[in-house]
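One point on numbering: in my numbering, the residue at position 504 of the sequence shown is 507, and numbering is uninterrupted.
Backbone N, C-alpha and C define an ideal beta-carbon position, used for all residues, glycine too.
Quick caveat, the model's predicted, so the values are computed rather than measured.
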Amino acid sequence: MDDNRGRWAAAGVVTMFVGLATSYATAMALTIRESPVVAVAELIIRLTPGAIAEWLISIVGQLDKPLLIIGIVAFLVAMGALAGSLARHSVLKPVLVWVVLALIGGAAVMVQPGASVVDVLPVLVGFVTWLVVLSALSKPLVTERDHPELESRERRVFLMVAGVFGLAAVGIAGAGRVVGRGRRHVAESRRLLRLEGVTRPLAPTDTTIGLPGIAPWQTPNDDFYLIHTAISVPTIEPKDWTLRIHGLVDRELVLTYNDLVARQLTESWMTLNCVSNEVGGDLVGNAWWSGIRIADLLEEVGLDPSADCILQTSEDGWNCATPLSALIDDRDAMLAVAMNGKPLPIEHGFPVRTIVPGLYGYVSATKWVVDYEVTRFADVSAFWTDRGWSEEGPVKMASRIDVPRSGDDVAVGDVNVGGLAWAQHTGIDTVELSVDGGEWQPAQLAQTPSEDTWVQWALTVSLDEGEHELRVRATDNDGLEQTGVRRDVLPDGATGWHTIQVRAT
Ligand SMILES: Nc1nc2c(c(=O)[nH]1)N[C@H]1C(S)=C(S)[C@@H](COP(=O)(O)O)O[C@H]1N2
Ligand SMILES: [Mo]
């Protein structure tokens, strides 16, 4: 009698491909560089001694990389067949095969330059897919083994299930490919973009207080915090981008990307804050922004006197309402096209986003922005305000200790303490530190080119042996003292003095 060994192996191979497909599609959807398979290939390239690599290339020439990928896939097919065959008599053994493969994939992903924890998600998704699919494909095979009289029926069931999974794998991988290709095109357009007038200044040296461990005054793009509701971020070609300004205006305006960047450019340093930033938290960053002043555009379209806000909408359907007052006063509220002298990174809103100094991002900083409706707060609601967050979102004064870190051991005696403080659009006047609830000691402040940015501060305090509590508070240029009242981030931003514990030994 013909046993079903072949079908067990086939089940493993189908399972392998479905897992590779979901993993690849996850990588594409999350806009992670490449699939884990490519990460493994890159790792192999890196680990191959130069002499051997050259010898191999001399044989296969330009085909080295495709051949490597084909080799890896062939190996994976064999591993799939192995896992399937093992599943015939054991539940655990195939799992071990998947675990080992996932560990290799995870390691290859993590050793890539600039890798972060989310990058292992595709590996995880692939791993879970392997478990689920092999167990689904095993069912008809097990039934067939235990009830040989049902063989022909179970054989059909198996073929059907395997076929469905096979088709699903092709569909999922295809969808991933479409997403990935769009992303690559936009990344290439962004790379080739030359923006007239965008400068890339170094942060003024006097913005740095010179205490190592404080977050840099200028936040590099790669380190800038990211907040968005989109799982797969919009990828918009500049040539396809338009912004429509309409609603309570005299003349509706539709701007193309070229229209926009042909206008007078404005540039400034500006700190961007997330309302969800806890006291002492790091959902805040400072960059050099280049863009077009929104006030000028609004003057062009002519505002109806009854309007009090703009409902901004992004390509991915997120929205927020921004008070007109903050868009037309003297601050540099802008449609930003560049960040730290480079076209906006895709994750930060390429090709165009809004930036409004002094307002939290959730009411102002729309990324991938495509629509401005001039309207009234009374007539609209928006994504976060629908979820309990405040309609108004002015950034609250804050100060934070970066050095030392809470829980650190420090040496008895003089201890350098430092961090950052901000009171956007008003500016910081003083920062003070209190040790164990004692008197407030003034810190030294670095310079800032604008009141719309954070400022570094530092001072030296003397600590005797034992546990100590350090707390910081700021006072703004209007003489307003930062409140010590602890409030949660909901509904309009946290308040309270950042307080840390250290031990002097
Ligand atoms: N399209 C879109 N824009 C958005 C958001 C979003 O979810 N979708 N989040 C906002 C919030 S809450 C913040 S704090 C800032 C964060 O900007 P960043 O990711 O560039 O730091 O973007 C804002 N703009
Ligand atoms: Mo935010």
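Same chain, Cβ closer than 8 angstroms to Gln-444, neighbours up to 5 away in sequence not counted: Walking along the sequence shown from the start, residue 444 turns up at place 441. Counting only Cβ-Cβ distances below 8 angstroms, and skipping sequence neighbours, we find Glu-435, Leu-436, Ser-437, Val-438, Leu-462 and Val-464.
Unbroken stretches of the beta strand (DSSP E), 3 residues or longer, contained in the segment 230-257: 245-250
Where Arg-334 falls, given that 16 or more other Cβ within 10 Å makes a residue buried: As a position in the sequence shown, residue 334 is number 331, starting the count at 1. The residue is buried, with at least 16 neighbouring Cβ atoms inside 10 Å.
Bridge partners - Ala-507, DSSP secondary structure assignment: As a working mapping, residue 507 is identified with position 504 in the sequence shown. According to DSSP, which records beta bridges pairwise, Ala-507 is partnered with Val-413 and Gly-469.
Alpha-carbon to alpha-carbon, Lys-68 and Val-114: Counted from its first residue, the sequence shown places residue 114 at position 111. Counted from its first residue, the sequence shown places residue 68 at position 65. Their backbone Cα atoms lie some 19 angstroms apart in a straight line.
Residue of Ile-331, Arg-49 and Pro-452 minimising C-alpha distance to Gly-430: To locate residue 430, count along the sequence shown from 1; it is residue 427. Of the listed residues, the one whose Cα sits closest to Gly-430 is Pro-452.
Proximity test, Ser-279 beta-carbon vs ligand 2 heavy atom, cut-off 8 angstroms: Your numbering for residue 279 matches position 276 in the sequence shown. Under cutoff, so the answer is yes.
C-alpha gap between Glu-270 and Ala-81, whole angstroms: As a first step, residue 270 is located in the sequence shown; it is residue number 267 there, counting from the start. As a first step, residue 81 is located in the sequence shown; it is residue number 78 there, counting from the start. Roughly 57 angstroms separates the two Cα atoms.
Beta carbon of Ala-446 nearer than 9 angstroms to that of Val-420: Against the sequence shown, residue 446 aligns to sequence position 443. Against the sequence shown, residue 420 aligns to sequence position 417. Contact: yes.
Range of the contiguous alpha helix (DSSP H) that encloses Val-131: One-based indexing of the sequence shown puts residue 131 at position 128. Segment 124-149, the alpha helix (DSSP H) holding Val-131.
Those residues which DSSP pairs with Thr-402 across a bridge: The sequence position of residue 402 within the sequence shown is 399, counting from 1. Checking the sequence, you will find Ser at residue 402 rather than Thr. DSSP lists Ala-424 as partners of Ser-402.
Where the alpha helix (DSSP H) containing Glu-376 begins and where it ends: Locating residue 376 in the sequence shown gives position 373, where the first residue counts as 1. Per DSSP, Glu-376 belongs to no alpha helix (DSSP H); it is in the beta strand (DSSP E), 372-378.
beta-carbon Gly-391 near ligand 2 non-hydrogen atom, thresh 8 angstroms: In the sequence shown, residue 391 corresponds to position 388, counting from 1. Checking every heavy atom of ligand 2 against the Cβ of Gly-391, none is found closer than 8 angstroms.
Touch test, the segment 37-50 against the segment 163-173, Cβ-Cβ under 8 angstroms, three pairs minimum: no
Backbone secondary structure at Gly-294 - three-state DSSP: If you number the sequence shown from 1, residue 294 lands on position 291. Note: Gly-294 maps to strand in three-state DSSP.
Ile-230 beta carbon near ligand 2 (any heavy atom closer than 8 angstroms): Stepping through the sequence shown from its first residue, residue 230 is reached at position 227. For ligand 2, at least one heavy atom lies less than 8 angstroms from the Cβ of Ile-230.
Heavy atom of ligand 1 within 8 angstroms of Lys-345 beta-carbon: By 1-based counting over the sequence shown, the position of residue 345 is 342. Incorrect: Lys-345 has no Cβ contact closer than 8 angstroms to ligand 1.
C-alpha distance - Val-16 paired with Met-31, whole-angstrom precision: Within the sequence shown, numbered from 1, the residue matching residue 16 stands at position 13. Within the sequence shown, numbered from 1, the residue matching residue 31 stands at position 28. Each residue's Cα considered, the two are about 23 angstroms apart.
Residue(s) in a DSSP beta bridge with Arg-474: Within the sequence shown, numbered from 1, the residue matching residue 474 stands at position 471. Ser-437 and Thr-502, per the DSSP bridge assignment.
Proximity of Glu-199 and Val-278 at Cβ, strictly below 9 angstroms: Taking the first residue of the sequence shown as position 1, residue 199 is located at position 196. Taking the first residue of the sequence shown as position 1, residue 278 is located at position 275. Against a cut-off of 9 angstroms, the Cβ pair of Val-278 and Glu-199 comes out as no contact.
Anticipated Cβ contact below 8 angstroms, Ala-28 with Ala-178, distance rounded: Within the sequence shown, numbered from 1, the residue matching residue 28 stands at position 25. Within the sequence shown, numbered from 1, the residue matching residue 178 stands at position 175. With 8 angstroms as the limit, Ala-28 and Ala-178 qualify as a contact, their Cβ atoms being about 6 angstroms apart.
Selection from Ile-75, Trp-11, Leu-33 and Thr-238 that minimises the alpha carbon distance to Val-145: Position 142 of the sequence shown, counted from the first residue, corresponds to residue 145. Of the listed residues, the one whose Cα sits closest to Val-145 is Trp-11.
Cβ-heavy atom distance, Tyr-363 to ligand 2, below 8 angstroms: As a working mapping, residue 363 is identified with position 360 in the sequence shown. Because some heavy atom of ligand 2 lies under 8 angstroms away, the Cβ of Tyr-363 counts as near it: yes.
Near ligand 1: His-351 beta-carbon under 8 angstroms from a heavy atom: On the sequence shown, position 348 is the one that residue 351 refers to. Because some heavy atom of ligand 1 lies under 8 angstroms away, the Cβ of His-351 counts as near it: yes.
Distance cut-off 8 angstroms: Leu-286 Cβ against heavy atoms of ligand 2: Counted from its first residue, the sequence shown places residue 286 at position 283. Yes.
Nearest-angstrom Cα separation, counted from Arg-490 out to Phe-130: On the sequence shown, position 127 is the one that residue 130 refers to. On the sequence shown, position 487 is the one that residue 490 refers to. For Phe-130 and Arg-490, the distance between alpha carbons rounds to 42 angstroms.
Cβ neighbours of Met-19 in the same chain (closer than 6 angstroms, five flanking residues each side left out): The residue labelled residue 19 in the question sits at position 16 within the sequence shown. Counting only Cβ-Cβ distances below 6 angstroms, and skipping sequence neighbours, we find Leu-79 and Gly-83.
Pick from Ser-155, Ser-138 and Ile-107 that is closest to Phe-509, judged by C-alpha positions: What is shown of the chain runs 4 to 508, which leaves residue 509 out entirely.
Under the three-state DSSP convention, the category Ser-317 falls into: Here the question's residue 317 lines up with position 314 in the sequence shown. In this structure, Ser-317 counts as strand in the three-state DSSP scheme.
Under 9 angstroms between C-beta atoms of Pro-52 and Ile-239: Indexing the sequence shown from 1 puts residue 52 at position 49. Indexing the sequence shown from 1 puts residue 239 at position 236. Contact flag unset, no.
Among Ile-75, Val-100 and Val-492, nearest to Ala-86 - alpha-carbon criterion: As a first step, residue 86 must be located in the sequence shown, where it is residue number 83. Looking at the Cα atoms, Val-100 is the closest of the given residues.
6 angstroms CB neighbourhood of Lys-96 in its chain, flanking five on each side removed: Sequence index remark: in the sequence shown, residue 96 carries index 93 (1-based). Once the five neighbours on either side are set aside, the close Cβ partners of Lys-96 are Leu-89.
Close beta carbons around Phe-380, own chain, < 7 angstroms, minus the five adjacent residues each side: Here the question's residue 380 lines up with position 377 in the sequence shown. The residues are Asp-311, Cys-312, Ala-324 and Glu-394.
9 angstroms Cβ cutoff met for Ser-119 and Val-182: As a working note, residue 119 is residue 116 in the sequence shown. As a working note, residue 182 is residue 179 in the sequence shown. Cβ atoms of Ser-119 and Val-182: not closer than 9 angstroms.
Beta-carbon proximity check, Tyr-228 vs Leu-286, cutoff 9 angstroms: Translated into the one-based positions of the sequence shown, residue 228 becomes position 225. Translated into the one-based positions of the sequence shown, residue 286 becomes position 283. Cβ distance < 9 angstroms, so Tyr-228 and Leu-286 count as in contact.
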